[in-house]
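*Asks:*
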Ligand SMILES: NC(=O)c1ccc[n+]([C@@H]2O[C@H](COP(=O)([O-])OP(=O)(O)OC[C@H]3O[C@@H](n4cnc5c(N)ncnc54)[C@H](O)[C@@H]3O)[C@@H](O)[C@H]2O)c1
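In our numbering, the protein residues as written are 4 to 167.
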């Protein structure tokens with residue numbers, strides 16, 4: 004079943020964090036095509052304005068430039084929202100080794116802020132973007148939950164921590 008066949012209540016509002024990024028901007032476009040409303044929260048740290056230029060005039064689209072490390076921003080972004088697709092994160096494995104503290108602050112605390120803001124606002128669902136890096140050095144294919152090896156870079160540790 005394709006995503007086009009999934010339906011939600013009329014006028015549902017989706018919050019896409021990291022919505023100016025590669026995956027998030029495509030999610031925003033798909034949700035708008037399905038006829039629902041989208042709020043995008045992105046600090047444009049790695050995302051691009053050009054990814055969202057074509058969405059800005061859509062009356063069902065709202066862009067908030069903001070940082071998920073800031074809890075108040077997360078609370079405001081969750082106001083009136085039904086579902087969150089939490090894509091906001093930094094995604095470079097080498098950079099996560101060079102800047103491990105900043106990565107933890109962004110990818111762990113940012114996500115926790117979003118989870119807590121979603122909880123306090125009584126949102127219906129929170130969808131989290133993890134990573135295959137959580138399987139670490141486990142060599143077998145296909146990857147299976149419950150068969151993880153040792154976690155490798157800080158990026159993977161952050162993703163696993165958010166999952167837990
Ligand atoms: N692209 C992949 O192959 C892949 C694979 C596995 C997991 N993921 C995960 O999917 C998600 C999206 O990945 P992507 O490839 O679209 O990355 P991307 O870098 O294109 O998008 C991430 C977006 O998050 C935003 N962002 C980062 N920190 C933020 C913060 N503190 N506050 C607000 N916005 C912030 C960035 O500006 C960017 O627009 C990420 O969580 C990533 O870890 C991606």
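The beta-carbon is built from N, C-alpha and C at its ideal position, and this holds for glycine as well.
Could you check where the alpha helix (DSSP H) with residue 47 kicks off and where it finishes?
*Replies:* Along the chain shown, read from residue 1 onward, the residue named residue 47 stands at position 44. If you look at residue 47, you'll find it isn't in any alpha helix (DSSP H); DSSP assigns it neither H nor E.
*Asks:* Out of curiosity, what's the CA-to-CA distance linking residue 13 and residue 71?
*Replies:* Taking the chain shown and counting its residues from 1, one reaches residue 13 at position 10. Taking the chain shown and counting its residues from 1, one reaches residue 71 at position 68. Residue 13 and residue 71: Cα-Cα distance of roughly 27 Å.
*Asks:* Where does residue 99 land, buried or exposed, given buried means 16+ other C-beta within 10 angstroms?
*Replies:* The sequence position of residue 99 within the chain shown is 96, counting from 1. That one is buried.
*Asks:* What residue range is occupied by the uninterrupted beta strand (DSSP E) comprising residue 67?
*Replies:* Residue 67 sits at position 64 when you count from the first residue of the chain shown. For residue 67, the enclosing beta strand (DSSP E) stretches over residues 64 to 68.
*Asks:* Output the boundary residues of the alpha helix (DSSP H) element that contains residue 36.
*Replies:* Here the question's residue 36 lines up with position 33 in the chain shown. Residue 36 -> alpha helix (DSSP H) spans 25 to 36.
*Asks:* What is the DSSP secondary structure of residue 128, reduced to helix, strand or coil?
*Replies:* Numbered from 1 along the chain shown, position 125 holds the residue referred to as residue 128. Looking at residue 128 - three-state DSSP - the assignment turns out to be strand.
*Asks:* Verify the contact flag: residue 24, CB atom, against every heavy atom of ligand 1, threshold strictly below 7 Å.
*Replies:* Taking the first residue of the chain shown as position 1, residue 24 is located at position 21. At least one heavy atom of ligand 1 is nearer than 7 Å to the Cβ of residue 24, so yes.
*Asks:* Only counting the same chain, and skipping five residues up and downstream in sequence, which positions put a Cβ closer than 7 Å to that of residue 105?
*Replies:* Position 102 of the chain shown, counted from the start, is the residue given in the question as residue 105. Excluding positions up to five away in sequence, the list is empty.
*Asks:* Could you check what DSSP says for residue 109 in three-state terms: helix, strand or coil?
*Replies:* As a first step, residue 109 must be located in the chain shown, where it is residue number 106. Helix at residue 109.
*Asks:* Which stretch, first to last residue, makes up the beta strand (DSSP E) that contains residue 17?
*Replies:* By one-based count along the chain shown, residue 17 stands at place 14. Looking at the DSSP string, the run of the beta strand (DSSP E) that includes residue 17 is 16 to 20.
*Asks:* Would you call residue 157 buried or exposed, if buried means 16 or more other Cβ atoms sit within 10 Å of its Cβ?
*Replies:* As a position in the chain shown, residue 157 is number 154, starting the count at 1. With 16 or more other Cβ atoms within 10 Å, it is buried.
*Asks:* Closest to residue 50 by C-alpha separation, out of 91, 82, 37, 141, would be which residue?
*Replies:* Within the chain shown, numbered from 1, the residue matching residue 50 stands at position 47. Checking every option, the nearest Cα to that of residue 50 belongs to 91.
*Asks:* Check whether the Cβ of residue 109 sits closer than 7 Å to any heavy atom of ligand 1, and report yes or no.
*Replies:* By one-based count along the chain shown, residue 109 stands at place 106. Residue 109: yes, Cβ under 7 Å from ligand 1.
*Asks:* Cutting at 6 Å between CB atoms, please list the residues of its own chain near residue 132, excluding the five before and the five after it.
*Replies:* Mapped onto the chain shown, residue 132 falls at position 129. Excluding sequence neighbours, residue 132 sits near 90.
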